[in-house]
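Here the structure comes first, spelled out in structure tokens, and everything after it is commentary.
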Amino acid sequence: MSLRIEGIGVAAPEHAMPQDEAAELLVSLLHEGGRARTVRALYARSGIRKRHSVLLDLPEGESTPRQSFYAPARDGDDDGPSTAVRMQAFEASAPPLAAAASDAALRDAGMTPGEITHLVTVSCTGIFAPGLDAALVERLGMPRTVQRTHVGFMGCHGALNGLRVASSLAGADPDARVLLCCVELCSLHLGYRQDADTLVANALFADGAAAVVGVGANGSGWRVAASGTLLMPDSADAMSWRIGDHGFRMTLSARVPELIRAEVGGWLRGWLKDQGLVLEDVRTWAVHPGGPRVLTAFGEGAGLEQHAFAVSREVLAEHGNMSSATLLFILQRLREAGAEAPVVAVAFGPGLVAEVALLV
Numbered sequence: 014m015s016l017r018i019e020g021i022g023v024a025a026p027e028h029a030m031p032q033d034e035a036a037e038l039l040v041s042l043l044h045e046g047g048r049a050r051t052v053r054a055l056y057a058r059s060g061i062r063k064r065h066s067v068l069l070d071l072p073e074g075e076s077t078p079r080q081s082f083y084a085p086a087r088d089g090d091d092d093g094p095s096t097a098v099r100m101q102a103f104e105a106s107a108p109p110l111a112a113a114a115s116d117a118a119l120r121d122a123g124m125t126p127g128e129i130t131h132l133v134t135v136s137c138t139g140i141f142a143p144g145l146d147a148a149l150v151e152r153l154g155m156p157r158t159v160q161r162t163h164v165g166f167m168g169c170h171g172a173l174n175g176l177r178v179a180s181s182l183a184g185a186d187p188d189a190r191v192l193l194c195c196v197e198l199c200s201l202h203l204g205y206r207q208d209a210d211t212l213v214a215n216a217l218f219a220d221g222a223a224a225v226v227g228v229g230a231n232g233s234g235w236r237v238a239a240s241g242t243l244l245m246p247d248s249a250d251a252m253s254w255r256i257g258d259h260g261f262r263m264t265l266s267a268r269v270p271e272l273i274r275a276e277v278g279g280w281l282r283g284w285l286k287d288q289g290l291v292l293e294d295v296r297t298w299a300v301h302p303g304g305p306r307v308l309t310a311f312g313e314g315a316g317l318e319q320h321a322f323a324v325s326r327e328v329l330a331e332h333g334n335m336s337s338a339t340l341l342f343i344l345q346r347l348r349e350a351g352a353e354a355p356v357v358a359v360a361f362g363p364g365l366v367a368e369v370a371l372l373v
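Right under this line is the structure:
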């Protein structure tokens, strides 16, 4: 693999909501007040201080209702806006946010849109055609001959799948100039049901976009040296993401942390050995913070101290879980801070799957 990362850019929606305010919003939407104590407890334990959303109409501190997309449930069968309505919002809001992150990555790399030869887009929270990739070509003014690939519906580890595609493209063409962009609008899938999976997902997920510009040769940035994947046994029911009539619905089993703790450490050590490394050789960890328990479980399973994930926890606290975009937010902060290589990036998603990339 030969992609060198020359630029990273991130973008969040204009307005954010403190986590305690978000809890009260959900309580106000659920039928007959819903499970108010449970909601408030889940939100308080999330490790999140605030989250951004494209659905917020007003800045923090305004006393009037700050969003109009979701209305209080009329009865116990009200599941909120239809999936069609939610996808209309995605088509309107995802391209400008993705363009903002991509523009930032291009500026960071010192490149223009006209230099891009390949475009890889990643999202699991919306779909339309002509898609996000075509919209970015138009918005950024990229060549109409740019070669486009979309990585869809892969969840929180989608950025690593996108990096694998980008690296393969760069490896096949030393003149490649690749733009990878992840955009997720998770707030479009807030659920009105009061089961544990829905309430936990409501407490964690948020909106954001992040992009990487990479080159196939003659670059000076981190090089994507290797990638790996593990589909954990007997885990299909642990995490899923399915299209429903009223948004996409997540299942999120309480088994997820235990599966990560039990399965990932040994596999990761073996994968690192194949790269000529041991765990102690890794200077920097970029671990997707699916939630506080995920980071704790990964650290315990891999035998790592929790301070190794300080930046992961910072991004979670300030932005929430932005699905695939989150990991690139973490890499951007680490890169700006001058983090040492080798860097190992890790993320988890439906399957249950672990994805990993080595940056040197």
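Oh and the sequence shown: position 335 is 348 in our numbering, straight run, nothing missing. Glycine residues also receive a C-beta, built at the ideal position from the N, C-alpha and C atoms.
Residue i - DSSP class collapsed to helix/strand/coil
| i | result |
| --- | --- |
| G314 | helix |
| M30 | strand |
| M100 | helix |
| A114 | helix |
| D220 | strand |
| L243 | strand |
| L212 | helix |
| R339 | In the sequence on display, residue 339 carries Thr and not Arg. Three-state DSSP puts T339 in a helix. |
| T125 | coil |
| A386 | Given a span of 14 to 373 for the chain in the structure shown, any question on residue 386 remains unanswerable. |
| V159 | coil |
| T130 | coil |
| G304 | coil |
| R17 | strand |
| G22 | strand |
| A299 | strand |
| A13 | Any property of residue 13 remains undetermined from this structure, which presents the chain solely from 14 to 373. |
| G165 | strand |
| R346 | helix |
| R120 | helix |
Range covered by the alpha helix (DSSP H) that runs through residue i
| i | result |
| --- | --- |
| A352 | No alpha helix (DSSP H) holds A352; DSSP gives it neither H nor E. |
| V277 | V269 to D287 |
| A327 | Rather than Ala, the amino acid found at residue 327 in this sequence is Glu. It spans A323 to H332 - the alpha helix (DSSP H) in which E327 sits, taken as one unbroken run. |
| G171 | G171 to A185 |
| A148 | L145 to L153 |
Nearest-angstrom Cα separation, counted from residue j out to residue i
| i | j | result |
| --- | --- | --- |
| A370 | A172 | 10 Å |
| G93 | Q207 | 13 Å |
| R348 | S15 | 18 Å |
| D186 | A86 | 53 Å |
| Y83 | V291 | 49 Å |
| A97 | I256 | 11 Å |
| L193 | S115 | 8 Å |
| R58 | R157 | 47 Å |
| V196 | M167 | 12 Å |
| V328 | A338 | 11 Å |
| A323 | D88 | 43 Å |
| F141 | G260 | 14 Å |
Close beta carbons around residue i, own chain, < 8 Å, minus the five adjacent residues each side
| i | result |
| --- | --- |
| P270 | R306, V307, T309 and A310 |
| Q160 | T130, H131, L132 and L182 |
| E19 | D121, A122, G123, M124, V226, G227, V228, G232, S233 and G234 |
| Q319 | L308, T309 and G312 |
First and last residue of the uninterrupted beta strand (DSSP E) at residue i
| i | result |
| --- | --- |
| R190 | R190 to L198 |
| T138 | Note, T138: premise wrong, no beta strand (DSSP E); not H, not E. |
| W254 | M252 to G257 |
| V295 | Premise fails: V295 is in no beta strand (DSSP E) and is neither H nor E. |
| L371 | V366 to L372 |
| A360 | V356 to G362 |
| G260 | G260 to L265 |
Contacting residues, own chain, Cβ-Cβ under 6 Å from residue i (five flanking each side not counted)
| i | result |
| --- | --- |
| A36 | V52, R53 and Y56 |
| G364 | L244 |
| V23 | A114, A223, F342 and Q345 |
| A102 | L201 |
| V67 | P26, S106, L198 and D220 |
| S266 | A251 |
Cutoff 7 Å; reference residue i; Cβ partners in own chain excluding five residues on either side
| i | result |
| --- | --- |
| L71 | H28, T77 and R79 |
| E313 | R274 |
| P126 | L119, L153, G154 and M155 |
**Request:** Run through the region 24-81 for me and flag every whole beta strand (DSSP E) of 3 or more residues, listed as ranges in chain order.
**Result:** 29-31 and 63-65
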